[in-house]
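Chains as they are written, first to last, in this note's numbering: chain A, 1 to 564; chain B, 1001 to 1441. Notes follow the structure.
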Amino acid sequence: MRRSILPALVAVLACGLLPAQATTAASVTEPGRTLARPLGIFFAGVGREAAERTLLVVVDPSAGLAQSGFADALEVALRDNVEALARTRIALGVVGRKDPLVLAPTVEHIKVGAAVREALAKPSGDFVNVYAAVRDSLSAFSGASGERAALLVSLENGDAEDDVEQVVAALSKAKVRLDVLTSEATLADSYWAARPNQDKPRGTTLTGADGAVIDLPWGFVAQQFAANETTPSGYAMWGLSRLAAGTGGRVYLHSQKTQTRHVCGVYSQCLFCTGDHLPPDEAWNTALQAQLAPSAASRAEVYGELGRDPAYRAMIEAWRAAAEAGLMHSGPPVRVTTGAAQPDRARTGRGLDLWSTASFDRNAKRAEEAAQKAKAIADKLAAQLGALAPEEVQPRTRAAAEYLVVLLQLTRTNLIGYAGFCREIAPEWFDEKARAQLAAPEVPSIDDDRRPVGVGYTNLCLCHGVKPFFAVELPGGDALRAELLRLDELYTAYMAKYGRSQFGMALRHNGIARYWPTFPGIVGKVPRVRPKTDSEQTGPITPRRPPREGSSGSPSGPTTGGGR
Amino acid sequence: MIAARTAVLATLLSASWCAAQQDLQALVDKLAGADGNQRNAAYQELMRRNGPELSAMLLKSFATMPREGRQYAVYLLQSQPIDGLRDGLRKFLKDPQPFVRAVGAALLWRGGEKEHVGVLAQAMNAAGDDMDRSGILNLVWNVDAPEVVAAVRDYVAPERQSGVVISALNRLRRAESMVSDATLAAVRTAASGKDVAVRAAALAFLVGSDDGKAASELAAILRETPTLLGQVRGLLREGVKLPSELVEAIAATLEAPRSKFEIEQTAQLLQSHAPGMAAPMLRRLLRHDNDEYRAAAADALAEIPGGLDDKDLLALLAGASIAEQLTAADMLRRRDDPRGLAVVLEVLPKADKRRADAARVLGGFRSREVIPALLDLLDDKDVAVRRQAWTSLQQVLRGLFPYRKFEFERSGYDPAAGDRAAGIAQMRSWWQTVGAEQRGK
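Put into structure tokens, the structure is as follows:
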């Protein structure tokens, strides 16, 4: 009996230990969302006696930080730790300045508070390179004795990435531990990947995901926006987690209290509530969330890990096939070779041309053909995943690959629904006889007598699950009903496994598409473009950060259910 | 001829203007009157007719107005462009009455004339009684000049009315991110006063700034007078860990709540300090007679991880009272569990005074099953029930038929109308011929 249990026990323990051994974002991220705790810990230091220390605070003076009450919190923390800071010199760096080190190490801590207030008095809305600012502020430690630590405070700019490993190396060389106070990133954020033409600071790349690579497929047909852009990850952007992980530091996340309210669909509409939804799995399971955390190793190491993961490899293969079949707008950001993964140039998926004409019959046929391919790719991926043993696969890549299976089924459902719309609803909407027969309280859905030029769609979110859609009148008849049933099975199984985590929330942020015909826009008089004048700025300027589409106006990122 | 017509027109216009002026003056007189209802009505009317003429009248009569009307006058003046008021307000600065001087200086400060801050501080110090002090504190909410903050600090004294002390402490909490020694000294003195509300306010302010004595004393006061929590809750410093003794006393106030707001606020406070303690207290409120309290408790429980579980809700759903069953059904529905629907449909015929509430709860379920019941309620004897059923019906139909466009008024149904039969017949007819089809199913 003992012999039979032992191997299983060892296997269970080994599985349990695997994630803990790796450096993940979970292993460097502290719980809580306040300003007081990180500042308190950073200034209190270790040990009861006041030790000799040199601390550097690097502040990114964004509007979000100015509004957060950071200056007050900093002064309170300095006051509360007066004894611990008795032998501590504190320097201040401000991101966005040509010479970021604005205050050399000083024991007059009151000056730090005043300088922070001054920096935050004129917050900046520019993209700035916080990594360069950290690197350029390290001169604060020259000749410093005792413990050395730095705190980077940046709520909005960790996504303008330059050479992260170089910063880690510089910090390590200077023997500086870097803690980070930042906002939460979105899960495998694809926002900037979808907007490659955005201006950015020279020498940087716009990233922003919680992991080193975008490891959750995005850009599915009939999804208006990617769930990757709105799903909180529970962790910081990879670059910031990496700085902390590489130097023995910690990551603290900050969010405002108002950010924790549940919203069913960020970009989508909810058919089933009026904002009073209380999903039973809203509060995340922290152990599961940690298990699904991205790696905080270097990007090169991450590529190595992913390349060896068979679930990841299968997912990339399916992602590429889906993009080539026109089921996704995005292609995978990596290519996998034998036992390795390498970055690949950004590719877009094949266009199916479903939306740009009002040839409803043609659109319906194309949608049905694409739906067939979605099924084939999803079935193949599901079979591949089913054959993999749990210990072969990282939990995060399995979650992402299984997400792709569900999303391909959702895409198939939407395509079947689209075919139904083209065959059942659209002709009825434009049939004068059918319109005349409508009985009150119903009125014709279209009150435009022009010819349609295409089809548009919005999404009805899946936050309440798939089952409520069974009662909803949707186009597609029995074919759609069958696909909804299959989707419900997959959705339910996925949520049972990942519902209380970032991946479950990502799935809920997708939706069933609702279609409508589009009409030619009414274009007003185009203003005359005047020739350039002498007053026009010609020199290089720092690009301003545009407001993120769909954002609630809150400057400091999303917040997990677990962050309350 | 033309000149004569012009003269007549001018006379008419002048008469009309004079009448309007007299009317305005009458309203201003009512604002200064003794009747509180009339004052309030006059204020509402004057808010609509606010303009330069009114400002001139208010500036002229302000100093002689009885105090009850002055606060309204201040609100009206505050809503005027400052440039039209400057001359009049400058005259206020020399008035013998401290409150008038304070109004002048504070409004000018808001308009950028910060040089009168000394007059303001002096007027604050000279204020004759707590009613004036209270009014002045409303005026200086955003004035951060040290002289004014010092004058506010002087209002924190044991002999002052609790309203003044609480308002002053709230102002100081905002003005001093780090509490000054002078403020701490004033608050400690107030904490030793006789008035229990003043003491409670001062102790709440001190929690986290001393060795726990304040928390202990405040807990004792709250056990005796739980209603004081609502007044002093805002003075507890954010981020300070409350001692368990105080948390227990705060939790105990939920035994006899006085408002929905009170429940929400106290639950929020407890959630950050002792979620384990908040949940049992809130669960008890799920059986409270008051609908709003039950709903507030359910909402608060939902915010606590593990605060609400299906077991509790199912027990409530099987409960004796219809009110509890409706609350449970609604809560379950919000948690994606439709098991309450059948119960609501079952209890509807005997819902009596809860019919409107039942109609509201039914409207939350996007289910075809609720439509016949809502159609029946369209002809309820109570107009409130009919209104709610009509709203719920529209909500459900829009959710169930996203590809159909509705203009519900075209059905001819009006819940307030006496004759509703035709409208209801139209709605039933639509539902039977179109809505009940299961397209896509």
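Quick reminder that beta carbons are idealized off the backbone N, C-alpha and C, glycines included.
To the nearest whole angstrom, what separates the beta carbons of residue i and residue j, a pair I think is in contact under 8 Å?
i, j, result
"G69 of chain A", "S137 of chain A", "Contact flag wrong, Cβ pair sits at about 24 Å."
"S268 of chain A", "T458 of chain A", "7 Å"
"R1366 of chain B", "A513 of chain A", "The Cβ separation is near 18 Å, so there is no contact."
"E52 of chain A", "G146 of chain A", "3 Å"
"L178 of chain A", "L243 of chain A", "5 Å"
"L1377 of chain B", "V1385 of chain B", "6 Å"
"L1235 of chain B", "N1170 of chain B", "7 Å"
"D1132 of chain B", "P1158 of chain B", "Rounded, the Cβ-Cβ distance is 19 Å, inconsistent with contact."
Do residue j and residue i come within 7 Å of each other at the CB atom, strictly closer than that value?
i, j, result
"T1253 of chain B", "P1226 of chain B", "yes"
"I1191 of chain B", "L1172 of chain B", "Reading off the sequence shown, one finds Ala at residue 1191 of chain B, where the question assumed Ile. No, the Cβ-Cβ distance between A1191 of chain B and L1172 of chain B is not below 7 Å."
"L187 of chain A", "A506 of chain A", "yes"
"R366 of chain A", "L388 of chain A", "no"
"F220 of chain A", "P468 of chain A", "no"
"L415 of chain A", "A370 of chain A", "yes"
"H277 of chain A", "R1334 of chain B", "yes"
"A1373 of chain B", "L1348 of chain B", "yes"
"V405 of chain A", "A382 of chain A", "yes"
"S359 of chain A", "A25 of chain A", "no"
"T204 of chain A", "A160 of chain A", "yes"
"P333 of chain A", "V213 of chain A", "yes"
"G158 of chain A", "S124 of chain A", "no"
"R423 of chain A", "A482 of chain A", "no"
"D1379 of chain B", "R1420 of chain B", "yes"
"L1024 of chain B", "L1054 of chain B", "yes"
"R1387 of chain B", "P1415 of chain B", "yes"
"G1412 of chain B", "Q1395 of chain B", "no"
"Y1403 of chain B", "I377 of chain A", "no"
"R1153 of chain B", "T1183 of chain B", "yes"
"A1300 of chain B", "A1267 of chain B", "yes"
Taking C-beta pairs closer than 8 Å, name the residues in chain A that residue i reaches, listed in chain order.
i, result
"A1302 of chain B", "L278"
"V1434 of chain B", "A439 and E442"
"S1429 of chain B", "A439"
"R1334 of chain B", "C273, D276, H277 and L278"
Using C-beta distances below 6 Å, list every residue in its chain close to residue i, excluding the 5 sequence neighbours before and after it, in chain order.
i, result
"G504 of chain A", "M495 and Y498"
"D448 of chain A", "F519"
"R396 of chain A", "L292"
"R1086 of chain B", "none"
Looking only at its chain, what residues have a beta carbon closer than 7 Å to the beta carbon of residue i, apart from the 5 residues adjacent to it on each side?
i, result
"D488 of chain A", "V466 and K467"
"G1208 of chain B", "R1237 and V1240"
"F1092 of chain B", "V1100, R1101, V1103 and G1104"
"S1061 of chain B", "V1028 and A1032"
"Q1265 of chain B", "R1233"
"G1088 of chain B", "L1059"
Using a Cβ-Cβ cut-off of 8 Å (strictly less than) and excluding sequence neighbours within five positions of residue i, which residues of its own chain qualify?
i, result
"C270 of chain A", "C264, H277, L460, C461, C463 and H464"
"D1144 of chain B", "A1175"
"R37 of chain A", "E30 and Y252"
"Y122 of chain A", "Per the sequence presented here, residue 122 of chain A reads as Lys, with Tyr not at that position. Here the set comprises P61."
Going along chain A, which residues have a C-beta under 9 Å from residue i?
i, result
"S1367 of chain B", "P468 and A471"
"P1243 of chain B", "Within chain A, no residue comes near P1243 of chain B; the closest Cβ sits about 18 Å away, beyond 9 Å."
"Q1426 of chain B", "A439, A440 and P441"
Along chain B, which residues have their Cβ under 8 Å away from the Cβ of residue i?
i, result
"R514 of chain A", "P1402 and Y1403"
"E75 of chain A", "S1177 and M1178"
"R79 of chain A", "M1178"
Output, in chain order, the set of chain B residues within a Cβ distance shorter than 7 Å of residue i.
i, result
"I425 of chain A", "Y1403"
Who are the neighbours of residue i on chain B, taking C-beta pairs under 9 Å?
i, result
"S445 of chain A", "Y1403, R1404 and K1405"
"D72 of chain A", "S1177 and M1178"
>> Please list, in chain order, the residues of the segment 447 to 477 of chain A that have any C-beta partner in chain B closer than 8 Å.
In response: Going along the segment 447 to 477 of chain A in chain order, one finds L460, H464, G465, P468, F470, A471, V472, E473, L474, P475, G476 and G477 with a Cβ nearer than 8 Å to chain B.
> For the segment 1395 to 1420 of chain B, which residues have a beta carbon sitting closer than 9 Å to at least one beta carbon of chain A?
Replying inline: The segment 1395 to 1420 of chain B vs chain A, Cβ under 9 Å: Q1395, L1397, R1398, G1399, L1400, F1401, P1402, Y1403, R1404, K1405, F1406, E1407, F1408, E1409, R1410, S1411, G1412 and Y1413.
> What residues in the segment 1169 to 1192 of chain B bring their beta carbon closer than 8 Å to a beta carbon of chain A?
Replying inline: Going along the segment 1169 to 1192 of chain B in chain order, one finds S1177 and M1178 with a Cβ nearer than 8 Å to chain A.
>> Can you pull out the residues from the segment 273 to 306 of chain A whose beta carbon lies closer than 8 Å to at least one beta carbon of chain B?
In response: If the cut-off is 8 Å between Cβ atoms, the segment 273 to 306 of chain A has C273, T274, D276, H277, L278, P279, P280 and A283 near chain B.
> Taking a cut of 7 Å between CB atoms, which residues from the segment 500 to 514 of chain A lie near chain B?
Replying inline: For the segment 500 to 514 of chain A, which is checked against every Cβ of chain B, the residues closer than 7 Å are R514.
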